[in-house]
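Protein chains in written order, with the numbering used here: chain A, 2 to 144; chain B, 2 to 144; chain C, 2 to 144; chain D, 2 to 144; chain E, 2 to 144; chain F, 2 to 144. Cβ atoms here follow ideal geometry from the backbone N, Cα and C, with glycine treated the same way. Worksheet: the structure to be examined is printed underneath.
6 protein chains.
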Amino acid sequence: MTPIPYSQIEIGKERTTGGRTITETDIVMHAGQTGDFYPHHMDAEWCKTQEFKQRIAHGTLIFSIAIGMTAGEINPLAMSYGYDKMRFIRPVFIGDTIHCKVTLTAKREHKKPGYGIVDETVEVFNQNNELVLVCVHLLLVKF
Amino acid sequence: MTPIPYSQIEIGKERTTGGRTITETDIVMHAGQTGDFYPHHMDAEWCKTQEFKQRIAHGTLIFSIAIGMTAGEINPLAMSYGYDKMRFIRPVFIGDTIHCKVTLTAKREHKKPGYGIVDETVEVFNQNNELVLVCVHLLLVKF
Amino acid sequence: MTPIPYSQIEIGKERTTGGRTITETDIVMHAGQTGDFYPHHMDAEWCKTQEFKQRIAHGTLIFSIAIGMTAGEINPLAMSYGYDKMRFIRPVFIGDTIHCKVTLTAKREHKKPGYGIVDETVEVFNQNNELVLVCVHLLLVKF
Amino acid sequence: MTPIPYSQIEIGKERTTGGRTITETDIVMHAGQTGDFYPHHMDAEWCKTQEFKQRIAHGTLIFSIAIGMTAGEINPLAMSYGYDKMRFIRPVFIGDTIHCKVTLTAKREHKKPGYGIVDETVEVFNQNNELVLVCVHLLLVKF
Amino acid sequence: MTPIPYSQIEIGKERTTGGRTITETDIVMHAGQTGDFYPHHMDAEWCKTQEFKQRIAHGTLIFSIAIGMTAGEINPLAMSYGYDKMRFIRPVFIGDTIHCKVTLTAKREHKKPGYGIVDETVEVFNQNNELVLVCVHLLLVKF
Amino acid sequence: MTPIPYSQIEIGKERTTGGRTITETDIVMHAGQTGDFYPHHMDAEWCKTQEFKQRIAHGTLIFSIAIGMTAGEINPLAMSYGYDKMRFIRPVFIGDTIHCKVTLTAKREHKKPGYGIVDETVEVFNQNNELVLVCVHLLLVKF
Numbered sequence: 002m003t004p005i006p007y008s009q010i011e012i013g014k015e016r017t018t019g020g021r022t023i024t025e026t027d028i029v030m031h032a033g034q035t036g037d038f039y040p041h042h043m044d045a046e047w048c049k050t051q052e053f054k055q056r057i058a059h060g061t062l063i064f065s066i067a068i069g070m071t072a073g074e075i076n077p078l079a080m081s082y083g084y085d086k087m088r089f090i091r092p093v094f095i096g097d098t099i100h101c102k103v104t105l106t107a108k109r110e111h112k113k114p115g116y117g118i119v120d121e122t123v124e125v126f127n128q129n130n131e132l133v134l135v136c137v138h139l140l141l142v143k144f
Numbered sequence: 002m003t004p005i006p007y008s009q010i011e012i013g014k015e016r017t018t019g020g021r022t023i024t025e026t027d028i029v030m031h032a033g034q035t036g037d038f039y040p041h042h043m044d045a046e047w048c049k050t051q052e053f054k055q056r057i058a059h060g061t062l063i064f065s066i067a068i069g070m071t072a073g074e075i076n077p078l079a080m081s082y083g084y085d086k087m088r089f090i091r092p093v094f095i096g097d098t099i100h101c102k103v104t105l106t107a108k109r110e111h112k113k114p115g116y117g118i119v120d121e122t123v124e125v126f127n128q129n130n131e132l133v134l135v136c137v138h139l140l141l142v143k144f
Numbered sequence: 002m003t004p005i006p007y008s009q010i011e012i013g014k015e016r017t018t019g020g021r022t023i024t025e026t027d028i029v030m031h032a033g034q035t036g037d038f039y040p041h042h043m044d045a046e047w048c049k050t051q052e053f054k055q056r057i058a059h060g061t062l063i064f065s066i067a068i069g070m071t072a073g074e075i076n077p078l079a080m081s082y083g084y085d086k087m088r089f090i091r092p093v094f095i096g097d098t099i100h101c102k103v104t105l106t107a108k109r110e111h112k113k114p115g116y117g118i119v120d121e122t123v124e125v126f127n128q129n130n131e132l133v134l135v136c137v138h139l140l141l142v143k144f
Numbered sequence: 002m003t004p005i006p007y008s009q010i011e012i013g014k015e016r017t018t019g020g021r022t023i024t025e026t027d028i029v030m031h032a033g034q035t036g037d038f039y040p041h042h043m044d045a046e047w048c049k050t051q052e053f054k055q056r057i058a059h060g061t062l063i064f065s066i067a068i069g070m071t072a073g074e075i076n077p078l079a080m081s082y083g084y085d086k087m088r089f090i091r092p093v094f095i096g097d098t099i100h101c102k103v104t105l106t107a108k109r110e111h112k113k114p115g116y117g118i119v120d121e122t123v124e125v126f127n128q129n130n131e132l133v134l135v136c137v138h139l140l141l142v143k144f
Numbered sequence: 002m003t004p005i006p007y008s009q010i011e012i013g014k015e016r017t018t019g020g021r022t023i024t025e026t027d028i029v030m031h032a033g034q035t036g037d038f039y040p041h042h043m044d045a046e047w048c049k050t051q052e053f054k055q056r057i058a059h060g061t062l063i064f065s066i067a068i069g070m071t072a073g074e075i076n077p078l079a080m081s082y083g084y085d086k087m088r089f090i091r092p093v094f095i096g097d098t099i100h101c102k103v104t105l106t107a108k109r110e111h112k113k114p115g116y117g118i119v120d121e122t123v124e125v126f127n128q129n130n131e132l133v134l135v136c137v138h139l140l141l142v143k144f
Numbered sequence: 002m003t004p005i006p007y008s009q010i011e012i013g014k015e016r017t018t019g020g021r022t023i024t025e026t027d028i029v030m031h032a033g034q035t036g037d038f039y040p041h042h043m044d045a046e047w048c049k050t051q052e053f054k055q056r057i058a059h060g061t062l063i064f065s066i067a068i069g070m071t072a073g074e075i076n077p078l079a080m081s082y083g084y085d086k087m088r089f090i091r092p093v094f095i096g097d098t099i100h101c102k103v104t105l106t107a108k109r110e111h112k113k114p115g116y117g118i119v120d121e122t123v124e125v126f127n128q129n130n131e132l133v134l135v136c137v138h139l140l141l142v143k144f
């Protein structure tokens, strides 16, 4: 754990994660964890009749795994405040491999004195470098 | 599956889900699914030295379970477009029981002709009716 | 939850569930839950030497998933009493997609005054509409 | 694997399994496997308002675990044909420890020439030796 | 449980387990249990650029499953003392089927009076009978 | 990934991991993954009659989690060669929190030209700083 105060956070800084292959296991486990057994994720026969012809990963699965992948060193001065502008750009299929790019895109003072908000833009790409999900992670960081 | 076109979606409509108890199992499984083994979720000894004195659920876990709980009837004319303004208001502890309230709070035409965006505000409460998480689910719905 | 007393239950009423694809993950998880690691489910090499040439799902897995799929609205006046005449008609293989048909086939008064037994016949079909499992679910319902 | 033909199966023979403690993990995993998130199993707050005051295990969970526990030596001449008279006698709570008694209670010739049906009565008891579940396992065995 | 004292353990005795197919599910679950999400196990795209061209099972997974497969009858006079000379000979890929051979290779008195150490050499083979892992399981056994 | 050749590896270097609480979920999942349902891990009633009065974690579980916890930065010049002298010193109970200390204790040339073996001694401690498991991880490292 390395403490990095608000003042030392540099806008524009980027980091990239390794990759992770999204498996049928991940989808079945996520359905089991969330109770979302929609046919888009669980019924291969029905999916054959739909636009993408195959099962697609839950949006909440790709989001959760991506956030897990971007969880690097702990900054004890920062805590997760929320997320903005999460958008599902492309479906993720079984066997796709995703990786993430994290960019510090903005920072501003918070109403709570002695704290600021830092925006981490998280972009998730598949193995063809196509953007599949984007969101802005808001971190509340001590001065 | 009951098709409900954009025009028939009524702003102000509410629905409430049943409850679900968040267990140690959910946290351990979510760490395993996402790779987020931060001590806030996994190290009961370290947590004793922190503000809340106990392990807390991952934000992505509560979000994913809440979205799963709100997944009711499938509207084949609607698809999940994204989420806005997700905020973590209070921590969720092992043994807390959450339920959700979903309110259709806004709708507007989308740039893609023949489609509109519907805002579902999802509020997640614990067993004391305290708000723990809020977000706006954006649905892209055919006219 | 909608209370439906014994007297209002109509024999002959049918409902059909959506589909669910049975995956290798389901079989591995069910072995792990039950401790049944028989080679019929877990040893692809041995299965190649047997009649079906491939791994087959546990009977208890298909039964448990089917019962889960048929769990719709809760009737607070009914409780699960047991099952009769469960028969395994055909094997279910990895990648098969099952769905269920539930028919209210009989009802009769129970020895416990003020209660009746309702028979729900559950039929499970694969993607070729072949019957794979059948059982009768007995529900104890208040008058 | 030891082949035991129909003719050598002795009615009245009994065997008893070891014990297994039913955990919250088992219930959460079984909900995830089957999609049955009924509040009886998943909502500790709601359960406090009900007869048993606490969450109870799914019937299909106790059945599946019990059958797994009774799966001993493989008899290559026998296959599972189905189950009769499954009855849920008492609820199983988190922390209860179950064990099983298996008794060969009947045998008879089957319509398929060269085969017989053997009835294995499976009784499941909790740590107080109270019967919680009973069923009859039908085995199709070669002569 | 059958008690077998140290004095009755015969060096040279062998036993062989049945087989088990190692699945993608096993690898994803083991990553989730241990937190080891190294690309060797989880990133199929990166693996294509490496020597083996595909994901490989964790060494700790194959070891844990093999030890589970060799856990037969409980000897109440013996307890697991440790392991020596564990070596990873060949990678195990998704879809490989492993089985184990256990040989009692040595025994000797222990410093704790009334106890001896027994060496069980565990060899794990794939479906081509190639050795993939070997280790020596040390058992502390009462005289 | 940072390549560190054999020549640059410094004997005596130490690192310590964060902590992780071992839960009932971990034990149930590990039984499910390995098929080891011995009563020492799964039968709380039987355990009450034994020395430790409660369920204990599988040795292979603590070993696997510890190795996962020590998996830090990938050294692309190193690969896992095996383990020596794994010893189970104390039992780990549900709710114990473990952490690991890794010390580079020895290095030597390997018979394969251009490679050396590095010994990483892994010590696993509980929340009372009592040693529970020790082993030596052998790494094959390029010159």
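Residue i, DSSP secondary structure in three states
i                 : result
Ala18 of chain C  : One detail in the question is off: residue 18 of chain C reads as Thr in this sequence, not Ala. In this structure, Thr18 of chain C counts as coil in the three-state DSSP scheme.
Lys49 of chain D  : helix
Asp120 of chain F : strand
Phe94 of chain F  : strand
Thr106 of chain D : strand
Ile10 of chain F  : coil
Ile57 of chain A  : strand
Met2 of chain D   : coil
Asp72 of chain D  : The sequence as given places Ala at residue 72 of chain D; Asp does not occur at that position. The answer is coil: DSSP assigns Ala72 of chain D none of H, G, I, E or B.
Ile66 of chain F  : helix
Chain-ordered chain F contacts of residue i [CB-CB under 9 Å]
i                : result
Gly33 of chain D : Result: empty, since nearest Cβ-Cβ is about 12 Å, beyond 9 Å.
Buried versus exposed call for residue i [16 or more other C-beta atoms within 10 Å across all chains shown]
i                 : result
Thr3 of chain D   : exposed
Ser8 of chain D   : exposed
Leu134 of chain D : buried
Pro40 of chain E  : buried
Pro16 of chain C  : The displayed chain sequence assigns Arg, not Pro, to residue 16 of chain C. The residue is exposed, with fewer than 16 neighbouring Cβ atoms inside 10 Å.
Gln55 of chain C  : exposed
Ile12 of chain F  : exposed
Gly73 of chain B  : exposed
Gly33 of chain B  : buried
Chain-ordered chain C contacts of residue i [CB-CB under 8 Å]
i                : result
Ser81 of chain D : Gly60, Phe89
Met30 of chain D : Met30, Gln34
According to DSSP, residues forming a beta bridge with residue i
i                 : result
Asp85 of chain F  : F:Val137
Ala150 of chain A : Here chain A has residues from 2 to 144 only, and residue 150 of chain A is not among them.
Leu132 of chain B : B:Phe126
His100 of chain B : B:Phe126
7 Å Cβ cut-off: residues of chain C touching residue i
i                : result
Tyr39 of chain D : Ala72, Ile75
Gly69 of chain D : Thr35, Gly36, Asp37
Glu52 of chain A : Those within 7 Å of Glu52 of chain A in chain C number zero; the least Cβ separation is about 18 Å.
Partner residues on chain F for residue i, Cβ-Cβ distance less than 7 Å
i                : result
Gln55 of chain D : Ordered by position in chain F, no residue passes the 7 Å Cβ test against Gln55 of chain D, which lies about 17 Å from the chain.
Phe64 of chain E : Thr61
Residues that residue i contacts on chain B, provided the C-beta gap is smaller than 9 Å
i               : result
Gln9 of chain F : Those within 9 Å of Gln9 of chain F in chain B number zero; the least Cβ separation is about 29 Å.
8 Å Cβ cut-off: residues of chain F touching residue i
i                : result
Lys86 of chain E : Gly83, Asp85
Any non-hydrogen atom of the ligand SAH within 7 Å of residue i CB
i                 : result
Ile118 of chain C : What this structure holds is no ligand at all, so the ligand SAH is not there to describe.
Amino acids of chain E, ordered along the chain, whose beta-carbon sits closer than 9 Å to that of residue i
i                : result
Arg16 of chain A : Result: empty, since nearest Cβ-Cβ is about 16 Å, beyond 9 Å.
Contact set between residue i and chain E, taken where Cβ atoms lie within less than 8 Å
i                : result
Asp27 of chain F : Gln34
Listed by chain order, chain D residues near residue i by CB distance under 9 Å
i                : result
Asp44 of chain F : Gly19, Gly20, Arg21, Thr22, Thr98, His100
Just list the alpha helix (DSSP H) runs in the stretch 25-49 of chain E, keeping only unbroken ones of 4 residues or longer that don't cross its boundaries, in chain order.
DSSP runs (the alpha helix (DSSP H)) wholly in the stretch 25-49 of chain E: 25-35, 40-43, 45-48.
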